[in-house]
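Q:
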Amino acid sequence: MRERRAAPAAAPRRRENMGIRDRLKTLFSAEAKPPPWHPDRGEDYTTFWTSMSQTDAEAQIATYGREVGDAERIQTCRYIARYIIEALEINETKSVLEVGCGIGTFAYLVGPKAKRYVGADISPHMVERARAFTRDAGGRLEFAVLSRSDLSNFADETFDAVFFEAVLMHVAREDAFNYLCEARRVLKPAGRFYASFQNLLQPLGFKHFLRLACEADQTGRHAIGRVRFHTAPELRHLAKMAGLEIDPRHARLELVENDPARHEARTLTIVAAKGEPPDWGVADGWPV
Ligand SMILES: C[S@@+](CC[C@H](N)C(=O)[O-])C[C@H]1O[C@@H](n2cnc3c(N)ncnc32)[C@H](O)[C@@H]1O
36 MRERRAAPAA
46 APRRRENMGI
56 RDRLKTLFSA
66 EAKPPPWHPD
76 RGEDYTTFWT
86 SMSQTDAEAQ
96 IATYGREVGD
106 AERIQTCRYI
116 ARYIIEALEI
126 NETKSVLEVG
136 CGIGTFAYLV
146 GPKAKRYVGA
156 DISPHMVERA
166 RAFTRDAGGR
176 LEFAVLSRSD
186 LSNFADETFD
196 AVFFEAVLMH
206 VAREDAFNYL
216 CEARRVLKPA
226 GRFYASFQNL
236 LQPLGFKHFL
246 RLACEADQTG
256 RHAIGRVRFH
266 TAPELRHLAK
276 MAGLEIDPRH
286 ARLELVENDP
296 ARHEARTLTI
306 VAAKGEPPDW
316 GVADGWPV
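Just so we're aligned: 108 in the numbering used here is position 73 of the sequence shown, and the numbers increase by one with no gaps anywhere.
(1) Start and end of the alpha helix (DSSP H) containing Arg246?
(2) Taking only runs of the alpha helix (DSSP H) that begin and end inside the stretch 187–244, which ones reach a length of at least 4 residues, in chain order?
(3) Say the cut is 7 Å; is the CB of Met161 nearer than that to a heavy atom of ligand 1?
(4) Name the DSSP beta bridge partners of Thr302, please?
(5) Could you give the C-beta distance for Leu235 and Phe264, rounded to a whole number, given that I count them as a contact under 8 Å?
(6) Whole-angstrom Cβ separation of Ile259 and Glu78, contact assumed at under 8 Å?
(7) Would you list the residues sitting across from Leu144 in a DSSP beta bridge?
(8) Smallest Cα separation from Leu273: which of Leu186, Leu203, Ala149, Pro224?
(9) In chain order, what residues of the same chain have a beta carbon less than 7 Å from the beta carbon of Ile96, not counting five sequence neighbours either side?
(10) Under the criterion of a Cβ to heavy atom distance below 7 Å, does Glu200 qualify as lining ligand 1?
(11) So, using beta-carbon positions, are Leu144 and Val221 closer together than 8 Å?
(12) What do you get for Arg219, buried or exposed, if any count of 16 or more other CB atoms within 10 angstroms of its CB means buried?
(13) With a cut-off of 8 Å, do at least 3 Cβ pairs link the stretch 295–309 to the stretch 134–148?
(14) Which partner residues of Gly154 appear in the DSSP bridge assignment?
(15) Any heavy atom of ligand 2 closer than 7 Å to the CB of Cys136?
(16) What do you reckon, is the C-beta of Ser187 under 7 Å from a heavy atom of ligand 1?
(17) At what residues does the alpha helix (DSSP H) containing Leu279 begin and finish?
(18) On a Cα-Cα basis, can you pick out the residue from Pro238, Phe83, Lys275 that is closest to Met161?
(19) Expressed to the nearest angstrom, what Euclidean distance is found between the alpha-carbon atoms of Glu250 and His257?
(20) DSSP state of Asn297, grouped into three classes?
(21) So, under 8 Å CB-CB, Ala142 and Ala165 are touching, yes? Tell me the CB distance rounded to an integer number of Å.
(22) Check each candidate in Asn293, Ser187, Ala92 and name the one with the smallest Cα separation from Glu217.
(23) Taking His285 as the reference, which of Ile115, Glu93, His243 has the closest Cα?
(24) For the alpha helix (DSSP H) containing Ile259, list its first residue and its last residue.
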């Protein structure tokens with residue numbers, strides 16, 4: 036009978052050869068509470084965000100990452116609302132569209148400052164909550180459910196200002212670009228635009244990105260509504276190619292380019308004016 040030998044112990048893996056799963060095991064352990072976003076929540080934006088907002092508490096977590104009472108969310112978002120009002124020159128003569136209005140925080144803070152405010156969202160649950168939350172906010176507030184990721188609900192040159200707060204960072208790059216083009220279309224001449232994104236080059240931003248990479252590595256799938264990460268040069272290019280002229284007085288791209296490690300550099304913000312129609316250089320046909 037042949038002697039059975041114990042299998043030789045596997046040589047310890049060298050750190051430099053470890054895959055992302057091993058290197059991040061300690062950081063994002065399997066026991067950690069799974070994040071609320073997950074591929075099973077749906078394959079399109081409407082299903083995903085509607086599944087994320089079944090109850091008020093879930094809608095708060097989907098929007099701000101944790102349960103936040105009304106007073107707290109109003110307080111926390113006041114600073115950004117002021118920034119949006121100033122950068123987009125919103126006043127009682129202006130009509131404003133917010134895309135991805137969520138549970139209505141900015142409808143409440145920004146809407147009453149405008150002549151007309153329209154809050155639109157891909158999820159009917161979010162719109163329902165925004166409508167209920169702003170019932171007594173005053174001003175002319177309207178809401179719309181988008182049937183797809185575009186602004187086909189709205190005619191050309193309808194609004195003086197269009198903004199997306201923490202929305203385009205949750206869609207595919209192609210969909211974000213289409214939204215930039217759509218925003219330009221519905222803006223009046225000289226209309227103004229705002230959108231915020233997450234910075235891939237900022238250390239905390241990159242850590243968040245690593246977490247998503249780790250999840251993708253474990254499950255082999257992606258949640259459609261996950262956060263996406265961008266860099267300042269790519270946002271400059273997408274804005275230019277959408278016919279939006281970056282306003283350097285208000286945009287937060289330079290700060291990020293000059294000092295990407297600063298905490299404030301986590302967020303990249305495009306503030307722009309409606310510009311000339313872009314030249315995509317496709318007159319000769321599509322590249323093959
Ligand atoms: C993180 S929340 C931000 C909500 C709100 N802007 C705020 O800051 O309070 C993202 C919102 O964008 C909406 N959304 C996600 N994808 C969208 C899309 N493709 N088109 C329009 N809205 C979308 C979601 O339903 C959700 O309400």
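All residues carry an ideal CB built from backbone N, CA and C; glycine is no exception.
A: With the structure as the only source:
(1) Residue range 238–254 is occupied by the alpha helix (DSSP H) that includes Arg246.
(2) 208–221, all fully within the stretch 187–244.
(3) For Met161, the CB falls within less than 7 Å of some heavy atom of ligand 1.
(4) Looking at the DSSP assignment, Thr302 forms a beta bridge with Gln233.
(5) Between Leu235 and Phe264 the beta-carbon gap is near 4 Å, inside 8 Å, which marks them as a contact.
(6) 6 Å between Cβ atoms; contact.
(7) Partner(s): none; Leu144 has no beta bridge.
(8) Selected option, being the one with the closest Cα: Leu203.
(9) Excluding residues within five positions, the ones whose Cβ falls inside 7 Å are Pro71, Glu102.
(10) True, at least one ligand heavy atom lies under 7 Å from that Cβ.
(11) It is not a contact, given that the beta carbons lie outside the stated cut-off.
(12) Arg219 should be labelled buried.
(13) No: fewer than three Cβ pairs fall under 8 Å.
(14) According to DSSP, Gly154 bridges with Glu133, Phe178.
(15) Ligands in the displayed structure: ligand 1; ligand 2 is not one of them.
(16) No - ligand 1 has no heavy atom lying nearer than 7 Å to the Cβ of Ser187.
(17) Careful: Leu279 lies outside any alpha helix (DSSP H), inside the beta strand (DSSP E) at 279–281.
(18) For Met161, the nearest C-alpha among the options comes from Phe83.
(19) Glu250 and His257 have their alpha carbons spaced roughly 8 Å apart.
(20) The displayed chain sequence assigns Arg, not Asn, to residue 297. In the structure shown, Arg297 adopts coil according to DSSP, grouped into three states.
(21) Between Ala165 and Ala142 the Cβ distance is about 5 Å, and since that is below 8 Å, they are a contact.
(22) The option with the nearest alpha carbon to Glu217 is Ser187.
(23) When each option's Cα is compared against that of His285, the closest is Ile115.
(24) DSSP places Ile259 in no alpha helix (DSSP H); its state is neither H nor E.
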